[in-house]
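Following my numbering, the numbering of the sequence shown begins with -9 at its first residue and continues without gaps.
Backbone N, C-alpha and C define an ideal beta-carbon position, used for all residues, glycine too.
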Amino acid sequence: MFIESKGGLADLAIFSGKPAFTDPLHVGGPNIGNRERLFARISDILDRRWLTNNGQCVQEFEQKLAEMLGVKHCIAMCNATIALEITTRALGLKGEVIVPSFTFIATPHSLQWQEITPVFCDIDPQTHNIDPACVERMITPRTTGIVGVHLWGRPCAVEALTEIARRHDLKLVFDAAHAFGCTNNGRMIGSFGDAEVFSFHATKFFNTLEGGVVATNDDELARKVRLMKNFGFAGYDHVIYIGTNGKMNEVSAAMGLTGLESLDEFIAVNRRNYECYLEGMATVPGVTLVAYEGEKFNYQYIVCEVDEEITELNRDTLIEILKAENIFARRYFYPGCHKMEPYRSYFPHAGLLLPHTERLTRRVLLLPSGTAVGAGEISEICRIIRQAVTHGLAITDRMGKPGTCQ
Ligand code: T4K
């Protein structure tokens, strides 16, 4: 897949060298489980002529997830964004809800969509997760809940947030979109707070094409979520609640059941890739890999922080260099939700309260991983980054400082 090793500065594709890779390498390249098993399941679905609406595969998938996560209820959904909307609605959240700005835009959008105000909170620069001390400072009489995000699959401060929620009588939801298969204090993420929401989008290491799941131990909440994801139907011709359509279809559930059978393998590949990156980056000054230590992780995201003072190379310049080589690195979650619409218009000064978020959005870089990437590719990616950093100043002089590329 890759063509040649890079030597000097002139070899870099950005300066007209040959790209290192013929095919693009992506951050979110999907993992595919066993095709025969998947096709057999889809064939059964077609034979049964039951394609959605709480079919056999969805029921089996929900049961397997609940067993794996050690939680009473798992409700499969069409995606995590709708799952977050339904969960926060079913919990009766209104007014203001505290969320990190350093997250995917779906986290605040799921609230704003219901005219709940997302109040952006700063993060702990070490963990990249919402800072409980900051959460406490943002609470007002209008606050009804907190949505913590387990960013990169690293658990946020679950215990501290639980205590704050208890003390202030707030609901606590975790956006666990990144955290499938991960633990907090040795316990599977999925049963913390009032509910946790996972994403099984194609770009996640475990996917159902599109999909998500709400996990909760709360019987009443589970009942409401089930009603709401099915238009509020409690039975034929019997609607008792306002609802929407959040259902997972049978083919997605079949993909999920098949993926579960390869879950350990997906995680092993991610872990091996992460270790290859650790080794390859060890000799790159100014580029630090986010650490996965002390818990069970899925290792799906390879996250770097670029310290421009050391690299003498802007993070965005590095992205351009990699792109020319067919390495599609990403700068999740630039520029921070508070700087995207409608929030930047609603809260033009939010950044003043988010210094760590603003700093991190200028430093973070995600590198390709997953089953489409192996040790050879990673070694080459690291070599290119090392090469670029070695010539950081010369490259910056030659290219200028983009800093504003989208
Ligand atoms: N909360 C958090 C914290 C989240 O990160 C997310 C989603 C959500 C909530 C909401 O979950 P969902 O409602 O999506 O279930 C992607 C995903 O679309 C999004 O699901 C994910 N987070 C986010 C972190 O990443 P983009 O804008 O980066 O997607 P896109 O289309 O650029 O794909 C990323 C890369 O993956 C591409 O460069 C190419 C590759 N790719 C993508 C797809 C779809 C493939 O190789 N094959 C594919 O099928 O948002």
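Let me know the secondary structure DSSP gives residue i once reduced to three states.
i: F195; result: coil
i: T273; result: coil
i: F337; result: coil
i: V137; result: strand
i: K237; result: strand
i: D1; result: helix
i: R132; result: coil
i: T117; result: coil
i: G393; result: In this prediction, G393 scores a pLDDT of 49, lower than 50, which makes its location untrustworthy; the coordinate-derived value is nonetheless stated afterwards. Three-state result, G393: coil.
What I want to know is whether the C-beta of residue i ends up closer than 7 Å to one or more non-hydrogen atoms of the ligand T4K.
i: S470; result: Nothing can be reported for residue 470: it is not among the residues displayed for the chain, which extend from -9 to 396.
i: G320; result: Checking the sequence, you will find Arg at residue 320 rather than Gly. Yes.
i: H118; result: no
i: V17; result: yes
i: D165; result: yes
i: N69; result: yes
i: F94; result: yes
i: A314; result: no
i: P20; result: yes
i: H168; result: yes
i: V363; result: no
Could you check if residue i is buried or exposed, using at least 16 other CB atoms within 10 Å of its CB as the buried criterion?
i: D227; result: exposed
i: V229; result: exposed
i: Q396; result: Residue confidence for Q396 is low, a pLDDT of 39 falling below 50, so the modelled location carries little weight; the figure read from the coordinates is stated next. Q396 comes out exposed.
i: I232; result: exposed
i: F29; result: exposed
i: N175; result: exposed
i: P90; result: buried
i: Y336; result: exposed
i: H339; result: exposed
Tell me the residue span of the alpha helix (DSSP H) that contains residue i.
i: S33; result: R25 to R38
i: P345; result: P345 to T351
i: K313; result: R305 to A314
i: T301; result: E298 to T301
i: K161; result: First-last for K161: K161 to D165, but that is the beta strand (DSSP E), not the alpha helix (DSSP H).
Between which two residues does the beta strand (DSSP E) carrying residue i extend?
i: G202; result: G202 to T206
i: A224; result: F223 to G225
i: I88; result: E86 to P90
Is the beta carbon of residue i less than 8 Å from the beta carbon of residue j?
i: C172; j: E285; result: yes
i: R132; j: G85; result: yes
i: S181; j: G60; result: yes
i: Y267; j: C372; result: yes
i: F92; j: T278; result: no
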